[in-house]
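Asks: Numbering (UniProt numbering), first residue to last: 1 to 273.
1) Spatial neighbours of residue 190 within its chain, please: C-beta separation below 6 Å, excluding the five flanking residues on both sides.
2) Using CA coordinates, which residue listed in 253, 175, 84 and 206 is at the minimum distance from residue 37?
3) Leaving aside the five residues before and after residue 106 along the sequence, list all residues of the same chain whose C-beta is less than 6 Å from its C-beta, in chain order.
4) At the level of alpha carbons, what is the spacing between residue 27 and residue 39?
5) Taking the alpha carbon of residue 262 as the reference point, which residue from 59, 23 and 92 has its own alpha carbon closest?
6) Counting C-beta neighbours from all protein chains within 10 Å, is the total for residue 242 16 or more, i.e. buried, or is it exposed?
7) Would you kindly check if the distance between the Cβ of residue 66 and the Cβ of residue 112 is under 8 Å?
8) When you compare the stretch 233-242 with the stretch 134-152, are there three or more beta-carbon pairs, one atom per stretch, that lie closer than 8 Å?
9) Three-state secondary structure (DSSP) at residue 255?
10) Report the residue from 97, 229 and 118 whose alpha carbon sits nearest the alpha carbon of residue 186.
11) Check each candidate in 144, 34, 77 and 69 and name the one with the smallest Cα separation from residue 45.
12) By the DSSP assignment, the beta strand (DSSP E) with residue 160 in it spans what residues?
13) Look at the alpha carbon of residue 153 and the alpha carbon of residue 132, and state the distance between them as a whole number of angstroms.
14) Alpha carbon to alpha carbon, how far is residue 162 from residue 116? Give it in angstroms, no decimals.
15) Could I get the ranges of all uninterrupted alpha helix (DSSP H) runs contained in the stretch 86-143, with 4 residues as the minimum, in chain order?
16) Do the stretch 48-68 and the stretch 229-237 make contact, defined as three or more Cβ pairs closer than 8 Å?
17) Can you give the beta carbon distance from residue 237 to residue 120, rounded, assuming they're within the 8 Å contact cut?
18) Does the Cβ of residue 136 have 16 or more other Cβ atoms within 10 Å, making it buried, or fewer, making it exposed?
19) So, under 8 Å CB-CB, residue 140 and residue 216 are touching, yes? Tell me the CB distance rounded to an integer number of Å.
20) Taking C-alpha atoms, which residue in 179, 167 and 257 lies nearest to residue 218?
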């Protein structure tokens, strides 16, 4: 019997071949993500891109639609139209994450637990750094600022959140910083929405709650300075799982992506951990 080598059918070969629009989108995407095209830049005019890529107008429009769907460009309509570059931001990662969690019916309490676990990991990494002294200095400065603003709820909330941002950034791992930043943005958006509804930052207006928060920050900084990764991980986990925090949110609240989408990206009132 004669054996013949199986060859892919024409249809399968064509299916594996990238479309022209995909190739154009790949090129433009790489230029955005590499920094060649900066945030707010306008892509070259369509006539120039059609000539540069030797493609038809429909293929270029399809490439623009791909990039717009990915959130990398905004299409500006009108006589002075075009495609404006938008670099990826943590808020977009948080929004995509929120949609996935909402589809699966995940509670915001579940998000809070993950936030505590991830931040405790970051804190342990900081404690293991030989140059952790620079991070400790920044944390202690934030603690003193928080102490000075103790009677001002809005200011204290902002500074307490910045303490946690300093802690996370101090871990030295950019992937963790981005991932945890997305989870934090998701969490904060829900807390902000609830505090606006209640027209109060409870339990953050409670001075005893605020004092526990400040004491926890001091203990965390001390453990990092001592290089005790195990202790600081436990301290952060306990701090992030503060019962009052969970009672405020409620274990039955499911993640809602609309809260993340509508959340302000400006620094403002944020939750105390």
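Cβ coordinates follow ideal geometry from the N, Cα and C atoms, glycine included.
Replies: Straight from the coordinates:
1) 108 and 259
2) 84
3) 255
4) 17 Å
5) 92
6) buried
7) no
8) no
9) coil
10) 97
11) 77
12) No beta strand (DSSP E) contains residue 160, which is instead part of the alpha helix (DSSP H) from 153-169.
13) 30 Å
14) 16 Å
15) 90-103 and 108-128
16) no
17) 4 Å
18) buried
19) Rounded, the Cβ-Cβ distance is 14 Å, inconsistent with contact.
20) 167
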